[in-house]
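The structure appears below as structure tokens.
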Amino acid sequence: SNRAWEAKLRRAVPHPRLKSTHQATTPAPRSMPDRAQIPPHPDARNPVESEPTIVSNPSSPAPTQHTHAPASPRPARPRQTPRSKVQTLYPPTPLASNLTSRHTRAAAAPLRLSSAAEAPRAAMAGPEQRVVAVIMVGGPTKGTRFRPLSLNVPKPLFPLAGQPMVHHHISACRRIPNLAQIYLIGFYEEREFALYVSSISNELRIPVRYLREDKPRGSAGGLYSFRDYIMEDSPAHIVLLNCDVCSSFPLPDMLEAHKKYGGMGTLLVNKVSAESANQFGELVADPETNELLHYTEKPETFVSDLINCGVYIFTPKILIAIEDVLKQKKDRANLRRVSSFEALQSATKAIPADYVRLDQDILSPLAGKKELYTYQTLDFWEQIKTPGMSLRCSGLYLSQFRHTSPHLLASGDGKKGATIVGDVYIHPSAKVHLTAKIGPNVSISANARIGAGARLISCIILDDVEIMENAVVIHSIVGWKSTVGKWSRVQGEGDHNAKLGITILGKTLPR
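Residue numbers for the sequence shown, in my numbering: 36 to 546.
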């Protein structure tokens, strides 16, 4: 019986706590000189035939390995427990007895990237060369020049050509090969983006996630603060876009050029007039290699007609560069505390040590070091700062729909529908009278009602607006739930750069 064999084995191999002559003449294995020798189980096989097994013991500090054989011939072994049920624990933990082998493998797996210094190593993992896109959407304290429209809806969600402003960026990112995820970074409340992020993820079938900053950290500081999320998929390239720009976004071609350059980053650039260049970041590039040689943000004197478009492609090394700048800023802040005058002077500037600007703190110092290159776009590009510019950008996106999404453009000759002139978007739920004449450059949103004989030119009609009979709207944005009465005329200046308002926000004109 099993009890009889256990008694014989105890007599053959004494317990390690018993001080006997047999124990003194039987040394412990060399691999474990300090551990006690435990009697083998009756099911143990010959050491030549068996493999070592790690047995978990909740009361012991660490698992112990045993390869002992019985001292006398063994009888037929009872049925043995399958090896798949033996619990293997490494490394040991206080709750080791409650873990399964699946949890053990997860505990032993390497940790994900948690610092910028490890980013390049993680980015090279995998043959697919994954790409992550990041769109900086800002926050409610920004975009004050876009008021009063930004008072009702976040600026990134304001409709251009019938779609939210940020939707055009996301659609462009979707064309990038091996795109793993899209992140929206800003300091709006999560609830303001929750519905849109959920719907766009389902529509485009690609993960889109909104990450909220606890405070403004600058364009580079915000990117660095979410480095763990960005490096979650071990991307080889990071596409960074500002939300307040309008462009065709040639991201696939730009990515190919970036790979050929072999640098840390590539900037999308464009040529503008010398009179307007000082409103943007001006740069100088090598005409042969396209290397960025010099960069300055909004200079007082003319430097170049080549400007920064706010669209970038970086390798994960950019996170290391941002980390170095953060360390330098913190070191300088500590040195300023030594002098009371320096401390007072730095306090008046009110620039936090963790605030890092991409243009001034990263691009300017790296220019001319064979790390940054440029890619010039020959297509349209505009910066969206005022409501007037949103009119122009809406028209640019409508013209792009001819090639990318012709099904979104309306058509009509006045017989089966209203007369359509040029590029026009009409939401399916909007109602337009047969005698109305719409276009060019008109966007009509959901549940809008356009009356008989109405004439619309270069305007954006938002949700639930009513344009009554024979009304005329030109160069204007008619706000949500507004009403334009019969025979009324609403006409803006037509200057897209004008700061004067051309918006009707929630107002009803006389009927």
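We put the CB at the ideal spot given by N, CA and C, even for glycine. Only a predicted model underlies this, so the values are computations on that prediction, with no experimental measurement involved.
### Message
Tell me which residues share the same chain as Leu219 and place their Cβ nearer than 6 Å to its Cβ, disregarding the 5 neighbours each side in the sequence.
### Response
For this step, residue 219 is matched to residue 184 along the sequence shown. Ile170, Val172, Tyr245.
Between Leu413 and Ala453, what straight-line distance do the alpha-carbon atoms span, to the nearest angstrom? By 1-based counting over the sequence shown, the position of residue 413 is 378. By 1-based counting over the sequence shown, the position of residue 453 is 418. Approximately 35 Å between the Cα atoms of the pair.
- Are the segment 328-343 and the segment 296-316 touching, with three or more C-beta to C-beta distances below 8 Å? yes
Closest by C-alpha distance to Ile205, when choosing among Gln395, Leu444, Leu239: To locate residue 205, count along the sequence shown from 1; it is residue 170. Per the Cα distances, Leu239.
Can you tell me whether Ser185 is buried or exposed? The criterion is at least 16 other CB atoms within 10 Å of its CB, across all chains shown.
Here the question's residue 185 lines up with position 150 in the sequence shown. Per the 10 Å Cβ criterion, buried.
Check: Cα separation between Met424 and Cys278?
Finding: Taking the first residue of the sequence shown as 1, we reach residue 424 at position 389. Taking the first residue of the sequence shown as 1, we reach residue 278 at position 243. So the two alpha carbons sit approximately 14 Å from each other.
- Does DSSP put Asp263 in a helix, a strand or coil? Along the sequence shown, one-based indexing puts residue 263 at 228. Asp263: helix per DSSP, three-state reduction.
Quick check: what's the CA-CA separation for Lys472 versus Asp396?
Translated into the one-based positions of the sequence shown, residue 472 becomes position 437. Translated into the one-based positions of the sequence shown, residue 396 becomes position 361. Looking at the two C-alpha atoms, the distance is approximately 51 Å.
Asn476 beta carbon less than 7 Å from that of Ser493
Here residue 493 corresponds to residue number 458 of the sequence shown, with the count starting at 1. Here residue 476 corresponds to residue number 441 of the sequence shown, with the count starting at 1. Yes.
If contacts are defined as beta-carbon pairs under 8 Å, then Ile502 and Ser478 qualify, I think. What distance do you get, rounded to the angstrom?
To locate residue 502, count along the sequence shown from 1; it is residue 467. To locate residue 478, count along the sequence shown from 1; it is residue 443. Actually they are not in contact, since the Cβ atoms of Ile502 and Ser478 sit about 13 Å apart, beyond 8 Å.
query = Which residue's Cα is closest to the Cα of Thr324: Arg182, Phe181, Glu317, Gly403?
reply = As a working note, residue 324 is residue 289 in the sequence shown. It is Gly403 whose Cα lies nearest to the Cα of Thr324.
message: I'd like to check one pair, Tyr460 with Asn289: are the Cβ atoms closer than 7 Å?
response: As a first step, residue 289 is located in the sequence shown; it is residue number 254 there, counting from the start. As a first step, residue 460 is located in the sequence shown; it is residue number 425 there, counting from the start. First, the residue type needs correcting, since residue 289 is Met and not Asn in the sequence shown. Contact flag unset, no.
inquiry  = Is it buried or exposed, Asp263, if we count other Cβ atoms within 10 angstroms and call 16 or more buried?
reply    = The residue given as residue 263 occupies position 228 in the sequence shown. The residue is exposed, with fewer than 16 neighbouring Cβ atoms inside 10 Å.
Proximity winner among Pro199, Arg180, Asp268, relative to Ala481 (alpha-carbon distances): Residue mapping note: residue 481 aligns to position 446 of the sequence shown, counting from 1. Of the listed residues, the one whose Cα sits closest to Ala481 is Pro199.
- Which residues in the same chain have their Cβ closer than 7 Å to the Cβ of Gln314, if we skip the five residues on either side of it in sequence? Position 279 of the sequence shown, counting from 1, holds the residue named residue 314. Counting only Cβ-Cβ distances below 7 Å, and skipping sequence neighbours, we find Lys333.
What do you reckon, are the CB atoms on Val391 and Gly256 nearer than 7 Å?
As a working mapping, residue 391 is identified with position 356 in the sequence shown. As a working mapping, residue 256 is identified with position 221 in the sequence shown. Against a cut-off of 7 Å, the Cβ pair of Gly256 and Val391 comes out as a contact.
Complete alpha helix (DSSP H) runs within the segment 409-474 (minimum length 4 residues, chain order):
422-439
* Tell whether a beta-carbon distance below 7 Å holds between Lys516 and Asp530. => Translated into positions along the sequence shown, residue 516 becomes position 481. Translated into positions along the sequence shown, residue 530 becomes position 495. Contact: no.
Discussion item. Checking 7 Å against the spacing of the C-beta atoms, do Ile357 and Tyr259 come in under that value?
Written reply: By one-based count along the sequence shown, residue 357 stands at place 322. By one-based count along the sequence shown, residue 259 stands at place 224. Contact flag set, yes.
Does DSSP classify Arg244 as helix, strand or coil?
As a working mapping, residue 244 is identified with position 209 in the sequence shown. In this structure, Arg244 counts as strand in the three-state DSSP scheme.
#### Entry: Integer Cβ distance of His272 from Thr331, believed to fall under 8 Å
Here residue 272 refers to the residue found at position 237 of the sequence shown. Here residue 331 refers to the residue found at position 296 of the sequence shown. Their Cβ separation, rounded to whole angstroms, is 26 Å, which puts His272 and Thr331 out of contact at 8 Å.
- Task: State the DSSP-derived secondary structure class of Gln363, mapped to helix, strand or coil.
- Result: For the purposes of this step, residue 363 is identified with residue 328 of the sequence shown, where counting begins at 1. Note: Gln363 maps to helix in three-state DSSP.
> With DSSP run on the structure shown, which of helix, strand or coil describes Pro64?
Replying inline: Position 29 of the sequence shown, counting from 1, holds the residue named residue 64. In this prediction, Pro64 has a pLDDT of 46, which is less than 50 and means its spatial position is unreliable; what the coordinates show is noted afterwards. Coil at Pro64, not helix or strand.
Helix, strand or coil: which one does DSSP assign to Ala18? This structure leaves residue 18 out entirely; the chain is present only between 36 and 546.
*C-alpha gap between Asn187 and Glu227, whole angstroms*: Working through the sequence shown from its first residue, we reach residue 187 at position 152. Working through the sequence shown from its first residue, we reach residue 227 at position 192. Asn187 and Glu227: Cα-Cα distance of roughly 11 Å.
Check: DSSP three-state call for Pro351: helix, strand or coil?
Finding: For the purposes of this step, residue 351 is identified with residue 316 of the sequence shown, where counting begins at 1. Pro351 falls in the coil class under three-state DSSP.
For Phe436 versus Leu444, is the C-beta spacing smaller than 7 Å? Mapped onto the sequence shown, residue 436 falls at position 401. Mapped onto the sequence shown, residue 444 falls at position 409. Cβ distance < 7 Å, so Phe436 and Leu444 count as in contact.
*Output yes or no for whether 7 Å exceeds the beta carbon distance between Pro285 and Arg165.*
Against the sequence shown, residue 285 aligns to sequence position 250. Against the sequence shown, residue 165 aligns to sequence position 130. Not a contact, by the Cβ cut-off of 7 Å.
Helix or strand or just coil, what does DSSP make of Asn187?
As a working mapping, residue 187 is identified with position 152 in the sequence shown. Three-state DSSP puts Asn187 in a helix.
Using three-state DSSP, classify Ala215 as helix, strand or coil. Translated into positions along the sequence shown, residue 215 becomes position 180. Three-state DSSP puts Ala215 in a strand.
(request) Please classify Thr518: is it buried, with 16 or more other beta-carbons within 10 angstroms of its beta-carbon, or exposed? (result) Locating residue 518 in the sequence shown gives position 483, where the first residue counts as 1. So Thr518 counts as buried.
Item checked: First through last residue of the alpha helix (DSSP H) which encompasses Ala292 -> Locating residue 292 in the sequence shown gives position 257, where the first residue counts as 1. Unbroken alpha helix (DSSP H) run through Ala292: 286-296.
Quiz item: Tell me which same chain residues have a C-beta within less than 6 Å of the C-beta of Ile265, skipping the five on either side of it?
Solution: Start at 1 with the first residue of the sequence shown, and residue 265 comes out as number 230. Taken in chain order, the residues that qualify are Val167.
Buried or exposed for Ser483, please, with buried defined as at least 16 other CB atoms from any protein chain shown within 10 angstroms of its CB. Counting from one through the sequence shown, the residue named residue 483 turns up at place 448. The question names Ser, yet the displayed sequence has Ala at residue 483. Its Cβ being crowded by 16 or more others within 10 Å, Ala483 is buried.
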